[in-house]
Each structure stands twice: as structure tokens, then as C-alpha cells.
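Asker:
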Amino acid sequence: MSRATAWDTEERLRGRRRLLVASIGIAAVLVVGRAVQLQGFEGAKWRAEAAEQQQARVALPARRGAILDRDGVPLALTRETFRLSLAPNELAERDEAVRSLMDVLKLPRASARRATDPRRRWVVLPGSFTADQRRTLGDARGFHWERRLERFYPQGSVGREVLGGISGDGRALGGMEQALDSMLSGRDGFSILRRDGRGRKEASVALPVAPAVDGGDVYLTIDFDLQEIADAALSEAIDSTGAKGGDLLLLDPRTGEILAAVSKRQGGARGVSAFIEPYEAGSTLKPFFVSTLLSTGRANLGERVNGENGVWADPSGRVHTDVHPYGWLTLRDALRVSSNIGLVKFAPRLTPAQQFGVLRDFGFGTPTGIEYPTESSGRLPRPDRWSAMTPASLATGYEMSVTPLQLALAYSALANGGTLMEPRLVREVRGRNGQTLERRDPREVRRVIPAGVAHQIRDVLVSVVEDGTATRASLSTFEVAGKTGTARRTGANGRYVAGEYNATFVGFFPARDPQLTILVRLDRPSGAYYGGLTAAPVTRETLQAILAARSPGLDRRSLLATRLPAQAPPAAPGPVREDAPPVGSEGVYVFVQTDGVARGEAPAGGAVPLPELAGLPLRDAARRLHALGMHVRVRGAGSVAGTLPAAGQTATRGDTVVIQGDAR
Numbered sequence: 026m027s028r029a030t031a032w033d034t035e036e037r038l039r040g041r042r043r044l045l046v047a048s049i050g051i052a053a054v055l056v057v058g059r060a061v062q063l064q065g066f067e068g069a070k071w072r073a074e075a076a077e078q079q080q081a082r083v084a085l086p087a088r089r090g091a092i093l094d095r096d097g098v099p100l101a102l103t104r105e106t107f108r109l110s111l112a113p114n115e116l117a118e119r120d121e122a123v124r125s126l127m128d129v130l131k132l133p134r135a136s137a138r139r140a141t142d143p144r145r146r147w148v149v150l151p152g153s154f155t156a157d158q159r160r161t162l163g164d165a166r167g168f169h170w171e172r173r174l175e176r177f178y179p180q181g182s183v184g185r186e187v188l189g190g191i192s193g194d195g196r197a198l199g200g201m202e203q204a205l206d207s208m209l210s211g212r213d214g215f216s217i218l219r220r221d222g223r224g225r226k227e228a229s230v231a232l233p234v235a236p237a238v239d240g241g242d243v244y245l246t247i248d249f250d251l252q253e254i255a256d257a258a259l260s261e262a263i264d265s266t267g268a269k270g271g272d273l274l275l276l277d278p279r280t281g282e283i284l285a286a287v288s289k290r291q292g293g294a295r296g297v298s299a300f301i302e303p304y305e306a307g308s309t310l311k312p313f314f315v316s317t318l319l320s321t322g323r324a325n326l327g328e329r330v331n332g333e334n335g336v337w338a339d340p341s342g343r344v345h346t347d348v349h350p351y352g353w354l355t356l357r358d359a360l361r362v363s364s365n366i367g368l369v370k371f372a373p374r375l376t377p378a379q380q381f382g383v384l385r386d387f388g389f390g391t392p393t394g395i396e397y398p399t400e401s402s403g404r405l406p407r408p409d410r411w412s413a414m415t416p417a418s419l420a421t422g423y424e425m426s427v428t429p430l431q432l433a434l435a436y437s438a439l440a441n442g443g444t445l446m447e448p449r450l451v452r453e454v455r456g457r458n459g460q461t462l463e464r465r466d467p468r469e470v471r472r473v474i475p476a477g478v479a480h481q482i483r484d485v486l487v488s489v490v491e492d493g494t495a496t497r498a499s500l501s502t503f504e505v506a507g508k509t510g511t512a513r514r515t516g517a518n519g520r521y522v523a524g525e526y527n528a529t530f531v532g533f534f535p536a537r538d539p540q541l542t543i544l545v546r547l548d549r550p551s552g553a554y555y556g557g558l559t560a561a562p563v564t565r566e567t568l569q570a571i572l573a574a575r576s577p578g579l580d581r582r583s584l585l586a587t588r589l590p591a592q593a594p595p596a597a598p599g600p601v602r603e604d605a606p607p608v609g610s611e612g613v614y615v616f617v618q619t620d621g622v623a624r625g626e627a628p629a630g631g632a633v634p635l636p637e638l639a640g641l642p643l644r645d646a647a648r649r650l651h652a653l654g655m656h657v658r659v660r661g662a663g664s665v666a667g668t669l670p671a672a673g674q675t676a677t678r679g680d681t682v683v684i685q686g687d688a689r
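The number in this note's numbering is simply the position in the sequence shown, starting from 1, with 25 added.
1) Give me the Cα-Cα distance between M446 and R468, rounded to the nearest whole angstrom.
2) By Cβ distance, which residues of its chain are closer than 7 Å to A197, with the 5 residues on each side in sequence left out?
3) Just list the alpha helix (DSSP H) runs in the region 161–198, keeping only unbroken ones of 4 residues or longer that don't cross its boundaries, in chain order.
4) Do F249 and V98 have their CB atoms nearer than 9 Å?
5) Which residues in the same chain as W147 place their Cβ atom closer than 7 Å to its Cβ, once the five residues preceding and following it in sequence are excluded?
6) Let's see if you can read the secondary structure: which residues bound the alpha helix (DSSP H) around N331?
7) Run the CB neighbour count on T421, radius 10 Å, all protein chains shown included, and call it buried at 16 or more, exposed below.
8) Since S426 and Y304 are thought to touch, with beta carbons under 8 Å apart, how far apart are those beta carbons, to the nearest angstrom?
9) Tell me, please, whether the region 474–487 touches the region 451–459 by the rule of three or more beta-carbon pairs shorter than 8 Å.
10) Looking only at its own chain, which residues have a Cβ that is under 7 Å from the Cβ of L432, when we skip the five neighbours before and after it?
11) Applying the 10 Å Cβ sphere with the 16-neighbour rule, what's the burial state of I684?
12) Out of L669, V297, E463, point me to the one whose CA is closest to P634's CA.
13) Using CA atoms only, rank isn't needed, just tell me which of R588, R449, G241, W411 is closest to I92.
14) Out of curiosity, what's the CA-to-CA distance linking P398 and E453?
15) Jot down the residue ranges of each uninterrupted alpha helix (DSSP H) in the region 308–391, minimum 4 residues, whole runs only, in chain order.
16) Give the C-beta separation of L723 and R329 to the nearest angstrom, bearing in mind that I take them to be a contact with Cβ-Cβ under 8 Å.
17) Does the region 484–499 touch the region 359–376, meaning 3 or more C-beta pairs lie closer than 8 Å?
18) With H, G and I counted as helix, E and B as strand and the rest as coil, what does DSSP make of Y555?
19) Per the DSSP calculation, Q685 is bridged to which residue(s)?
20) For F533, which residues does DSSP report across the bridge?
21) Could you pull out every residue in the same chain whose Cβ sits closer than 7 Å to the Cβ of R537, ignoring the five residues on either side in sequence?
22) Distance check for Q64 and A47, CA to CA, integer angstroms please.
23) Keeping to the same chain, check which residues put their C-beta closer than 8 Å to that of A237; ignore five residues upstream and five downstream.
24) Which same chain residues, not among the five before or five after W411, have their C-beta less than 7 Å away from its C-beta?
25) Can you grab the Cα-Cα spacing for the pair G686 / A495, in whole Å?
26) Who are the near neighbours of A285 in its chain, counting only those whose CB is closer than 6 Å to its CB and skipping five residues on each side?
27) Buried or exposed: V54, going by 16 or more other Cβ atoms within 10 Å of its Cβ?
28) Check whether the region 383–400 touches the region 324–338, counting contact only when three or more Cβ pairs, one atom from each stretch, lie closer than 8 Å.
29) Taking the straight line between their C-alpha atoms, what separation do you get for L186 and F300?
30) Check D128 in the structure and name its three-state DSSP category.
31) Could you tell me the distance, in whole angstroms, from the CA atom of S320 to the CA atom of A672?
32) Tell me the rounded alpha-carbon separation between G696 and T567.
33) Tell me which same chain residues have a C-beta within less than 6 Å of the C-beta of V369, skipping the five on either side of it?
34) Determine the extent of the alpha helix (DSSP H) in which L638 is found, giving its start and end residues.
35) Taking only the alpha-carbon atoms, compute the straight-line gap between V470 and L150 and give it to the nearest angstrom.
36) State the DSSP-derived secondary structure class of E611, mapped to helix, strand or coil.
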């Protein structure tokens, strides 16, 4: 080899060595640089990722608070359940696992063997299992448990329209579950577990734990006994009348507490319809018109107007009618028999501002503030939007819409002496250790009318139940005050639908010292649709059930003080009609001895000589006979022409005496 060739070879080797050294140097720089990057700049990130791989975060769900009635009866509870999944290839002994599933979980043999089939990698068993079942099966290999908190309602369907529900993923769906979700839901926690190389998890005191904060327990104003009674009464009424649905509310008029709220509709109620569905309430609104007249000094109950025998055209040409023809009526009797003509004739005495102002003060046309996810404010037009016919329409309960809740609260104001109360569904919220976190006390909204006016209206409402349009709501032992209403229904286009009505009764009990306000509304009853024939009997049956119950929400001592003296058993109600005529009108009807008749003591036993009644007004004659313990049937009109048996003859207490009027 020549010298030149050797020199070239050596030079090439030297170049290769330099390139190798340079490459090594560059690689070393890159390694060091990457190490600096990982250690210095991204160290926290990778340390966290390593910790994530070695640890497992396990959620600790908070227990949702309970919902209870006013006396602590559970209405909604949360229970611990478990879901079980199987990994068949991990089972130590398949036959033993099959026996355990059959004995503890009560699975059929075929299902147990299918769940443990080693050809399957993962099997989730349907349904939930109790803590006792989980403890019995234990944590054997292949058994994988998932803890769950499940909402359930121990009282079944009773009260569910008030409570709402919880979806499968834990979302509150309507009712008090939604309205009070922030109080009930609590705050979830978490636990960090160490995970070994095989993926097994174990607790460590060195790892953080954030305990869950359970939700508070909510005590409602609802009385479950009353709720159950109301639910049964409304269901029976809907079945017997063929109604498409209905509402029944029970309130304490002194505090505004809602003791029972039931709403039923075809296809199932969507919440408490009594809070969210306004309607034209018709004659049940007439007491508030009369209250306005009395409180503004524009009329008194003794003033008289002509009933025009049932048909009258006002100065604007609008024709007003009554179900029955009446002659001269006092304002008291116009309200008692629900005469549209009699009340409309008083409407011009009020200015629009006066009529609107008192109705608004009673709470109409504005939300009540009830603790519920939604409610309707109803509709009460402002005076600047009234037509010439609006004052007369409002006097008879039309051209405005109200919710049953608003109507019940307004009657509660009449019952308690004239004060509108804020409605309440929640009494208090308690923590898991029983301490009171929040208490909601009764709150007065405003005084609406003077107490004297409220008492005058109360007395008229007592007479409505005694011998007016609501005799089928009467009790023989206690006075009931109230009013019926039969209002036409509107359709989707806003027009009245022929043959469709809402029948309503609303009142309070006992009349002189009220403990309950009761509202019954039936949606489109078939056949007899008058409120006096449909809603009023539901009221009586509900009150009778409450009085017969062992533990209703009533003050028994105060109730006994309002009990009426013993009387003869009342006659079976005849075919009473809504807006039944006053004594002296045409027609044949039955007077039933109820709470409001003259309560002189009837002679005890034996024969009673009948007094001379000729020439007396039929109403006065009927009261005198009631005082003697007789049942009375009236025929004709005008004054008394005679009786059967005749005056001077004898009758036994409880017999029926026929009074014949001198006009037919």
C-alpha cells in the first residue's frame, strides 16, 4: 500500500471517530436535556401521573336527606343497596358460587349457572341487593360489589304528587324533591386507595379522605293521616262522578300550613295541579265581591234587590240569568242562594279600583310564594284593561282565573278573621344529628278585610251549608261554612266548551273556630255536575273520615267546644240542586235539618202538637218545625197555606211535615 493511500485511510477513520464522538456528545446532551425537562419542568406532572397509577379515587356519595310529614312519618327515604357483578374466570369454585347465589340471592339454578359460566368474562346481575345479602356473600374472589344509594317512598303512591321523584342518575324530578334539592342532596366526598401491581385496592391512613356530607331531613307541613284520607276521598269521588280528575286541599287557616294536597288527572297527575292549573271558579268567588261591598261601606247584608224572576237585562243589554227564579232578595240571600242577578245589581256601587284592589289583596292574580318548583299566578286583569261588562263578570266569578291554592288561601282569610297567610309546605330542616338547621314559621301577608266583615261573611257561608246551595256538605254535629261553584270550562281556543264544567266546594270547619280549610274541585263530572251535588258531598265524607280517624291533625279539645247540641237524625238528602231556590220560590225540595236551623231543644220523645203556621213565610215555618225535631218538605211558594198533618194534630219527632205554600 502506498504512503498516500495509508494517509487517506487514516484520515477517514479519524473523521469517523470525530463523528462518533460528536454523536455521543449530542445524544448525551439530549438525554441530559430531556432529564432536565422531565425532572425540572415536568416533574410535578409525571409525579402526579405516577401517583394516579398507584392510587384509585373512590367516590363517597352523600346520603340524600329524608322527607317526613309534620309528625315524623317518613315519606321519602334513602337506603343503601348494592349491585353485584361476577367475573366467572376468577371464581375459585363454580359450584359453591352457584349455591351461594341460589341461597342468598334466591336466583334460580339456571340463572346462577348462566351467571357463573366460565366462558363469560363479566356478568352484571340485574336488580339491587341489600346490605345483609352483601355481608353474607362477602368479598370472595370473582364477586365485585358496587355500593348505591337508592331513593324509595315507603307510603307508596300517597302524596307522590307533592313529593316528586328521583331519576335513575340521581336528578330530582318535580315536587319537593326538586324544590328542596339543595337542602336534601348534601355534598359527595371521596376516598383515595392504594393500588398494588396487581390492581388490588386497599386503604391507607397516609392517603386523604374527604367524607361525604349528608343532606338535611325536611319536615313538611303535610299530615300523612289527612293526606291519606284526602287521597281516598278524591279517588272515590272521581270514580263515582265520572270526573276526568280533581283536586282536594286541606289547609290550616290560622297558619297557612298545607295539611294535605291531592291532585289526580287522567293518565296520572303531573305534580300538584292545584298549584299550577288556574281556572274560572264561578260562584265560589262571590263571597269576595260581597266582602268588597261590606268593607268599603257600599252596601250592607240587609239591602234588597229584585231578582227579576231569574232573567234580567242590564242597562248595556247583557242578559243575566239565575238557575231558579227569585223575587226580592237581600244581599245576604243573594249570596246564600248564589243569585247572579242579585249580585250583579250591586256591582255599579264599586269603582274598578275598589273591586280590583280587594281581589288583589285576597291574593288573586299573583303567585302565592308556595315552596314548590312551579306555580301559576292566575289571571286578574288590571282595571285599565276592563270592558264595560267586566265588573259584572267579576261579581259572579268570571273574567278572572285562580288556582285552587289561591282560592283556599282566600277562604282561609275569611275563616281566620280577615288575614291572608303565606302558604307553607315546609316546617323545618334538620341535620343528620337532629339539630334544627332552619325553621319556617307562619307569616302574615296582609290584613285584607276587617274582622267584623269576615264574621258577617262567615255567617252567610254557614247558611249556604244549612239551607242554601251546599246542604250536602253539612254535618249534624258541627257547623260547616262554605260555598259551591259550578263554572264552565274553556277549551284550547279559549272558548267555553258546551257541557263541560268544574264543580267546586270550598269552605272551613268548624265554622266558629276554624281548624281546617277544605277545597274540593272536580274536573268535568259526568251526569250531575253541580258543585252542590258533586263536590259538596266529598267535603262531608272527608270531614266525617277525619273526625273518625284516630290521629288526625285536629285539636280535639277545641273541637269539642264547637260541637252542636244533640239533634234528631237528619232526613236523607233529597235531589238538592246547585243554587237551590230560597224558601218561597217555585219547585219541590226538601229541607234537611242541619247545623244552622234553630237549635231549641225538641221535646223529648212522645207526640208533639203541631203549631199554627198559616200565613208565616215558608222559611220561618220550616225553622219552627225543625226546632221541634221535625223534618220538613215544602211544596209551592209564598206563605204557608197549611200543613200536613194539620195544625193541632200530633206528630213524633223525626216525622216529616209537609208545608203547603199559597202560591204555585
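All residues carry an ideal CB built from backbone N, CA and C; glycine is no exception.
Answerer: In this structure, then:
1) 6 Å
2) G189, I191, Q203, D206
3) 185–188
4) yes
5) S110, A112
6) Note, N331: premise wrong, no alpha helix (DSSP H); beta strand (DSSP E) at 329–331.
7) buried
8) 6 Å
9) no
10) A306, T309, V531, L544
11) buried
12) L669
13) G241
14) 18 Å
15) Listed in chain order, the complete alpha helix (DSSP H) runs (minimum 4 residues) inside the region 308–391 are 311–320, 356–361, 365–369, 377–386.
16) Because the chain in this structure spans residues 26 to 689, residue 723 falls outside the shown range and cannot be described.
17) yes
18) Y555: coil per DSSP, three-state reduction.
19) For Q685, which the question treats as bridged, DSSP gives the partners R660, G667.
20) A506, T542
21) E504, T587
22) Their Cα atoms are separated by approximately 25 Å.
23) L85, P86, A87, R88, G211, R212, D213, G214
24) Same-chain partners within the cutoff: P377.
25) 24 Å
26) L251, Q252, A255, L275
27) exposed
28) No, the region 383–400 does not touch the region 324–338.
29) Per the sequence presented here, residue 186 reads as Glu, with Leu not at that position. Each residue's Cα considered, the two are about 11 Å apart.
30) helix
31) 45 Å
32) Absent from the structure is residue 696, since the part of the chain shown begins at 26 and ends at 689.
33) H345, A417, A420
34) First-last for L638: undefined, no H or E at that position.
35) 55 Å
36) The predicted model places E611 with a pLDDT of 28, which falls under 50 and marks its position as unreliable, so this point remains unresolved.
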